[in-house]
Amino acid sequence: MTTPQALSEADRRVVAGWAADCAERVLPLFEAEAPDDDRARDGIDRARAFSRGELDTAEQIRIRFVAGRAAGSAETPAAIAAARAAGQAAGVAHMGAHALGAAAYAAKAAALAATDAEAARRQEVEWQLRRLTPEAHRALLRLPLLGTDSAGPLGPGLLAAGVLATTIRELQAALPDRVPPE
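Position 94 of the sequence shown, counting from 1, maps to 94 under UniProt numbering, and the rest follow consecutively.
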């Protein structure tokens with residue numbers, strides 16, 4: 001059985017680039033703590049290559065967890081969240097909803113690294129929304145709202161609680177009102 005969280009391969013390729021942008025923005029938080037661990041950077045690079053059509057979907061699905069495991073090389077919550085953002089970006093080849101996970105973890109990482117956590121998180125969400133291409137915007141609108149489909153990352157799991165859920169709900173609520181220029 002398929003889930004609307006998967007999105008079509010074409011839509012996954014479109015949102016993979018946006019997810020990579022979101023994760024890469026906070027990647028320095030991870031790399032400062034684990035400069036010799038290239039798994040998070042590699043996951044972001046693979047998400048970009050997937051978005052350009054350079055990588056096979058099946059192979060990306062097989063290795064999608066590698067980038068997220070980099071979180072074990074970090075100690076601070078901000079660096080761990082940054083590695084998880086990269087892992088979510090790498091997972092977009094498998095399921096498009098991971099793009100929202102990448103954005104949520106990136107916003108969490110930015111918040112954890114800031115003095116004013118909520119302001120930093122909101123700034124990150126605004127940046128993410130501005131970064132959306134019209135194609136990525138349309139693809140993300142096809143995803144079910146957080147918590148309405150249990151078959152995927154937007155179901156009852158890590159993304160459905162706390163600041164991650166708050167961020168995803170804000171992103172999804174803003175999408176219908178923010179139509180990017182063509």
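Each residue gets a CB set at the ideal place from its N, CA and C atoms; glycine is no exception.
(message) Quick check: the Cα distance between V33 and A70, rounded to an integer number of angstroms?
(response) The sequence position of residue 33 within the sequence shown is 33, counting from 1. The sequence position of residue 70 within the sequence shown is 70, counting from 1. Rather than Val, the amino acid found at residue 33 in this sequence is Glu. Cα to Cα, the separation comes out at about 11 Å.
(message) Cutting at 8 Å between CB atoms, please list the residues of its own chain near I7, excluding the five before and the five after it.
(response) The residue you call residue 7 lines up with position 7 of the sequence shown. What sits at residue 7 in the sequence shown is Leu, not Ile. The residues are V15, M95, G96, A97, A139, R142, L143.
(request) Specify, as a first and last residue, the run of the alpha helix (DSSP H) that V163 falls within. (result) As a working note, residue 163 is residue 163 in the sequence shown. Note, V163: alpha helix (DSSP H), 162–174.
(message) Can you look up M1 in the DSSP assignment and give me helix, strand or coil?
(response) The residue labelled residue 1 in the question sits at position 1 within the sequence shown. Here the model assigns M1 a pLDDT of 43, short of 50, so the residue's position is not dependable and the matter cannot be decided.
(request) Using beta-carbon positions only, say whether residue 196 and A106 come within less than 7 Å of one another. (result) It is not possible to answer for residue 196, since the shown part of the chain is limited to 1 through 182.
(request) Measure the C-alpha to C-alpha separation of A119 and P156 and round it to an integer number of angstroms. (result) Indexing the sequence shown from 1 puts residue 119 at position 119. Indexing the sequence shown from 1 puts residue 156 at position 156. Roughly 27 Å between the two C-alpha positions.
(message) Looking at A19: is its Cβ nearer than 7 Å to the Cβ of V92?
(response) Against the sequence shown, residue 19 aligns to sequence position 19. Against the sequence shown, residue 92 aligns to sequence position 92. Their beta carbons are under 7 Å apart, which means A19 touches V92 by this criterion.
(message) Short of 8 Å in beta carbon distance, which residues of its chain neighbour T148, apart from the five on each side in sequence? Order them along the chain.
(response) Position 148 of the sequence shown holds residue 148. Closer than 8 Å at Cβ, skipping near neighbours: L154.
(message) So, with DSSP's three-state summary, where would you put V15?
(response) As a position in the sequence shown, residue 15 is number 15, starting the count at 1. Note: V15 maps to helix in three-state DSSP.
(message) My output table needs one value for residue 184: the three-state DSSP class, helix, strand or coil.
(response) Because the chain is modelled from 1 through 182, residue 184 falls outside the range shown and cannot be assessed.
(request) With a 10 Å radius around its C-beta and 16 neighbouring C-beta atoms as the bar for buried, classify R46 as buried or exposed. (result) As a working mapping, residue 46 is identified with position 46 in the sequence shown. R46 should be labelled buried.
(request) Can you give me the Cβ contacts of R64 inside the same chain, cut-off strictly under 7 Å, excluding the 5 residues immediately before and after it? (result) Within the sequence shown, numbered from 1, the residue matching residue 64 stands at position 64. The answer, listed in chain order, is A90, G91, A93, H94.
(message) At the level of alpha carbons, what is the spacing between A117 and Q123?
(response) Here residue 117 refers to the residue found at position 117 of the sequence shown. Here residue 123 refers to the residue found at position 123 of the sequence shown. Straight-line Cα distance between these residues: approximately 10 Å.
(message) Using C-beta distances below 6 Å, list every residue in its chain close to M1, excluding the 5 sequence neighbours before and after it, in chain order.
(response) For the purposes of this step, residue 1 is taken as the residue at position 1 of the sequence shown. Bear in mind that a pLDDT of 43 at M1, under 50, signals an unreliable position, so the model cannot answer this.
(request) Can you say whether D11 is buried or exposed, counting buried as having 16 or more other CB atoms within 10 angstroms of its CB? (result) Reading the sequence shown from its first residue, position 11 is the one you call residue 11. By the 10 Å Cβ count, D11 comes out buried.
(message) At the level of alpha carbons, what is the spacing between L29 and T166?
(response) What you label residue 29 is simply residue 29 of the sequence shown in a count that begins at 1. What you label residue 166 is simply residue 166 of the sequence shown in a count that begins at 1. Rounded to whole angstroms, L29 to T166 spans 22 Å at the Cα level.
(request) Counting only the same chain and skipping the five closest in sequence on each side, list residues whose C-beta sits under 8 Å from that of V163. (result) Along the sequence shown, one-based indexing puts residue 163 at 163. Contacts found: A104, A107, K108, A111, R121.
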